[in-house]
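In order, the protein sequences belong to chains A and B. Residues in the first sequence are numbered from 1 upward in steps of one, following the numbering used here. Residues in the second sequence are numbered from 1001 upward in steps of one, following the numbering used here. We put the beta carbon where it would ideally sit given N, CA and C, even for glycine.
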Amino acid sequence: MKIKMNALIKRSNSKINIFFLIGFGGVVSIILRFLVLNAFPFSLTNWSNIYILSIFETGFQFPSFFFYLVSGINLLLIYRLISQYIGRRIYAYMAIVVYLLSPWFIYLERFGSFFLVELVFVLLLLNGIGSKSLREKVFFTSAGYGLLILSHLVFIVLLPILLIYFYGHSKKIITSLVIITLFTLGLGFWNTIAFVETIKQDISIFEDPGLINSVNTFQGNLRDAGFSFFDKIVINKYEYYFIHLVRVILIHISPVSYFTAQYSMYGFSNLAPISVGFLIPCMVGLWAFFVSTDMRKKMILFLLGIGLMIPSIVSKKVPDMERLVLFSPIIILLIIVGFNYLWMQKKLLGRVLIIISLSLLLFQNVVFMGDVASKEHFRYQEFLGRDIK
Amino acid sequence: MSRTIWVLLLTIVFLGGILRFWGITSNPPSLNIDEVSIGYNAYSILKTGKDEYGTLLPLSFKSVGDYKPPVLVYLTVPSIALFGLTEFAVRFPTALISTIGIVIMFFFARKLSSSIPIALAAALLFAISPWVLYYSRYGVEATVAMVFLMAGALLLLKFIDKKTFIRALLAAFFLVLSMYAYHTNRLLVPLLGLAFLLFNRKDIVTHFKKYIVFGVIFLLLSCPLFISTLYGPDKTRAQTTFITRDIEYQRVVLLQPHEVESNLLSNDTFLLIFHGVRKYLNYFTPNFLFINGLNMTRMGSYNLGVLYLFEIPFLFVGLYLLLRNKSWKTRWLVFSWIILGIIPASLTQNEQHPLRTLVVAPMAIILSAIGLVFIVRKLLLSGYSLKKTFAGFVFLLFIIWNLSYAFMIFSVQFPREKSESFMGGTKETALFALQHQREYDQIFFDPVRGIEGPYIVSIPHMYLLFYGKYDPHTYQTEPKNQGNEVYGFSNYTIRKVNWNSDKRLNNSLLIASPWSLPEKDIPEYLIKEKVYLSDGKLAFLIVETMGDTKD
């Protein structure tokens, strides 16, 4: 009888938690979306460089509600993804709340970013990898990967990772991935100029003229100072590009880029892409990831994470917060793993950290709601020089 | 400790000493505002016992209104007594204390890790650390404060082991001395004290009386400082550097100068909290840590982070090992030091200030040292393999390249590109003025300079006092010309120069940047000297006036 009562209480507690989560997340997210909706006009961005559209020299226009629809699909896929990886529904709801409350997605919706659509493809791929049934695995993985490389050819870097992961597991997936890749590359023959152009636009990491100017100045200074022997050894174009690449990669793996307004979204916003309250669970999640013994899962997540960062890494803009949104599922996963780890430890410190995280989250959302309402549209005018309709 | 260890340690100290003292007077390229001020105030204390304003042995030096901490000034007094009022004398104390810091780092790391290899690695990394080196080669209070804090923390750890009165006294003395030495430590040391109380509560309860003795000594020694900070001139310093004056906070967060009203939910205080959090987290960005943290070259080009690029794997491995190793009893100090050490800098204006966070350097170095020793052990002790040897060789090449790159930044790029930040050229103008002082009725200095624009405010009078070895007693007592944006003594006047209005002055000398003295408007025969920065850009013109009779 006692056990039954306990189970009943546990179940009702869990329902209360889920109700609270969805209630809080839903209400705050609706208010935030409403405030952002009123702060700036809708504008489509970054629709010019999509591989398949460039090849056929065509384009699409979508109304603003389309992007809210896309977010809805993303929520479903995130729910499915977390349910697969963690196995508890409360964490899947929590992941939805992370998505709903993150200004990152809210702004991409408002600015009609194609990368929000591409996030659907990423989530399809991740769902495919995590699926238990082979049928689902083949379908989701192929669909996700196919749509991704049709959008940006640079995602071809994911192919070797996927091939290694599925090697010896499923010939079907490997065959379908190879066919998709060959088909996509073959499309390039249709319009070779567009093919080359899209690749050029995708990979523009070293196109900043400041880089080569700095190398020349440095070498000139060395020669003036009498170090003419060293000028090509100590610093040359390739070494400087290497430093640049290291810097760019480090920025991408630095939590600060995601949890503070270090790199403002669209060049004006004061909001962090993800609330700083989620930083603690994310760091704990990262720790749990490092200490876990499941090497196979670890490696695929690590390699996929790097692969999903690549479009932003090879971009001229550092970091490209739009392209980087494709990496967001990994962050959401880490946050949820972190919450799970803190909860399962059943230690005072874990509970305290959860309370601090949630309090920060609540506080930050309330403050930023006020900030968006009163100042964000002025920042939009001030820093982008655009008028509000 | 074996003789080999001593020899290794002395070799590291010798290497660190060379890196700190070699060419110390010419790199950084010239004395900056703070250094001349410290030097002249120390000279003034040596000669009269009073600072430039005539205050007897002050606890806070007003200087140019920034209220400098007293320790470095007093440490410079014997240096000036020994070497005279020279550039070397001003830079000597910081370089010397930093060199001694290598030895302290060795014992501190040994105490924390109970491992001699880690201690040696920490001493080596401290000796060559770009963060520590950069701030050891000129008169900087933060370096002195960092070394004293290490000494205090080491003595405190020793006091925990054996609770003698002498250890309590010395630990408290050095901890308080570090607070007197630099503003950051005034907040950090009490915060570390709280962490100490939290993590050593059992020991404190057991030996309550001994800790009370330590606490009383600490409070007695720090009392004057607390009074000065809370009610005295140091309060002004805190107010002028507080985060609310941060340009980004004012421009981006509050949207000044526009009058955008905040609402109840997001009032300025709440926004300030999140801006502070952002500033705090910014110190963990890779750009600051490994690429550009030291700002040793012009904007837009890569130079050096506060840690070397090759320390990336060491730092991560060290962090991982320390987090996993629960038996390491003193790890609370490493983490508290890093986490709390960044708080004071985050509460001030300016982005990512490597000087204000210098106090964290020892702990970052210890983490790197832990990683370094682990990786080297793994490579050496786990048997020979071609792959490992190749990886080790490639990484060694990378370290050599990284060190050569750092050397070139330090010795070539930095003095060329940062000459202006160190007030390059002001010394030459001061020396010219001193040499020709009697030939002119008035010598006018423009305090505003800059290559990109007239944005940099300097204090030429302090350079005149310093390089002229001006008698402190005379300077303290003589009448000075103090008006609206005008300051003068003897026949020197510091004020804005304007060629069009000043060219008719009789028998005067004008010293200013080309922004105030446009070269194309001035006849060649009136230009007495042109002063250039080390990168070849024109910094100052020294021009004779036409007078009424001349055309």
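Endpoints, the beta strand (DSSP E) within which residue i is located
i, result
"Phe324/A", "Inspection of the sequence shows that residue 324/A is occupied by Leu rather than by Phe. Run containing Leu324/A: none; DSSP gives neither H nor E here."
"Tyr1492/B", "Tyr1492 to Ile1494"
Given residue i as reference, the closest of the options once Cα atoms are compared
i, options, result
"Ile1104/B", "Met1179/B, Leu1154/B, Ser1534/B and Val1260/B", "Leu1154/B"
"Leu1319/B", "Thr1297/B, His1461/B, Ile1366/B and Leu1304/B", "Ile1366/B"
"Lys1480/B", "Asp1471/B, Thr1493/B and Tyr1470/B", "Thr1493/B"
"Pro160/A", "Pro311/A, Lys171/A, Met309/A and Val178/A", "Val178/A"
"Ala39/A", "Ala373/A, Leu384/A and Phe140/A", "Ala373/A"
"Ile1128/B", "Ser1419/B, Ile1459/B and Phe1310/B", "Phe1310/B"
"Val1176/B", "Leu1225/B, Phe1445/B and Ala1142/B", "Leu1225/B"
"Leu1304/B", "Lys1158/B, Pro1190/B and Tyr1134/B", "Tyr1134/B"
"Ile1012/B", "Ala1142/B, Leu1124/B and Gly1054/B", "Leu1124/B"
"Ser1079/B", "Ser1301/B, Ser1411/B, Ile1038/B and Gln1349/B", "Ile1038/B"
"Phe278/A", "Tyr238/A, Val234/A, Ile356/A and Tyr145/A", "Ile356/A"
"Gly1276/B", "Phe1106/B, Val1036/B, Asn1350/B and Ile1100/B", "Asn1350/B"
"Tyr167/A", "Trp47/A, Ile203/A, Glu239/A and Ile300/A", "Ile300/A"
"Met1363/B", "Val1147/B, Pro1286/B, Ile1097/B and Met1001/B", "Val1147/B"
"Phe183/A", "Val256/A, Leu163/A, Ser142/A and Ile212/A", "Ser142/A"
"Val97/A", "Pro41/A, Leu108/A and Ile78/A", "Ile78/A"
"Gly338/A", "Pro281/A, Asp294/A and Lys317/A", "Pro281/A"
"Ile306/A", "Ile249/A, Arg110/A, Gly87/A and Ser228/A", "Ile249/A"
"Ser312/A", "Phe121/A, His152/A and Leu348/A", "His152/A"
"Leu108/A", "Asp320/A, Ala194/A and Phe383/A", "Asp320/A"
Enclosing alpha helix (DSSP H) for residue i [first to last residue]
i, result
"Ser1178/B", "Phe1165 to Ala1181"
"Gly146/A", "Leu134 to Ser151"
"Ile1451/B", "No alpha helix (DSSP H) holds Ile1451/B; DSSP gives it neither H nor E."
"Phe183/A", "Lys171 to Leu187"
"Asn213/A", "Pro209 to Asp224"
"Phe1489/B", "That residue, Phe1489/B, is in no alpha helix (DSSP H); its beta strand (DSSP E) goes Val1486 to Phe1489."
"Asn1481/B", "Element bounds for Asn1481/B: not the alpha helix (DSSP H) but the beta strand (DSSP E), Asn1481 to Gly1483."
"His1461/B", "Pro1460 to Tyr1467"
"Arg1416/B", "Phe1414 to Glu1417"
"Leu1402/B", "The amino acid occupying residue 1402/B in the given sequence is Asn; Leu does not appear at that position. Leu1386 to Met1408 is the extent of the alpha helix (DSSP H) around Asn1402/B."
"Ile106/A", "Pro103 to Arg110"
"Phe392/A", "Any property of residue 392/A remains undetermined from this structure, which presents chain A solely from 1 to 389."
CB-CB length for residue i against residue j, believed under 8 Å
i, j, result
"Asp1502/B", "Leu1509/B", "Asp1502/B to Leu1509/B, Cβ: 10 Å. No contact."
"Val1306/B", "Trp1131/B", "4 Å"
"Leu1538/B", "Tyr1532/B", "6 Å"
"Lys137/A", "Ser170/A", "7 Å"
"Val1036/B", "Phe1432/B", "Actually they are not in contact, since the Cβ atoms of Val1036/B and Phe1432/B sit about 16 Å apart, beyond 8 Å."
"Ala1195/B", "Leu1340/B", "7 Å"
"Pro1069/B", "Tyr1180/B", "6 Å"
Assigned exposure category for residue i - 16 Cβ within 10 Å defines buried
i, result
"Glu118/A", "buried"
"Asp371/A", "buried"
"Leu1428/B", "At residue 1428/B the sequence reads Glu, which differs from the Leu that was named. It counts as buried."
"Lys389/A", "Low local confidence applies: a pLDDT of 44 at Lys389/A is under 50, so the model's placement there is unreliable, with the coordinate-based value given in what follows. Lys389/A comes out exposed."
"Phe105/A", "buried"
"Arg1245/B", "exposed"
"Glu1452/B", "exposed"
"Trp1337/B", "buried"
"Leu1009/B", "buried"
"Glu1529/B", "exposed"
"Asn1484/B", "exposed"
"Phe290/A", "exposed"
"Ile274/A", "buried"
"Tyr1561/B", "Nothing about residue 1561/B can be reported from this structure: the residues present for chain B run from 1001 to 1551 only."
"Met1/A", "Only weak support exists for where Met1/A lies, its pLDDT of 48 falling under 50; the value from the coordinates is given anyway. Under this definition Met1/A is an exposed residue."
"Tyr1455/B", "exposed"
"Val284/A", "buried"
"Val1140/B", "buried"
"Tyr238/A", "exposed"
Min CB distance residue i to chain D below 8 Å
i, result
"Ala225/A", "Structure shown: chain D not included; protein chains present are A and B."
Minimum length 4: unbroken alpha helix (DSSP H) runs contained in the stretch 1200-1228 of chain B: Taken in chain order, the complete alpha helix (DSSP H) segments of 4 or more residues contained in the stretch 1200-1228 of chain B are 1201-1206.
Minimum length 4: unbroken alpha helix (DSSP H) runs contained in the stretch 1498-1542 of chain B: Within the stretch 1498-1542 of chain B, the complete alpha helix (DSSP H) segments at least 4 residues long are 1499-1502, listed from N- to C-terminus.
Taking only runs that begin and end inside the stretch 76-101 of chain A, name each unbroken alpha helix (DSSP H) of 4 or more residues, in chain order. 89-101, all fully within the stretch 76-101 of chain A.
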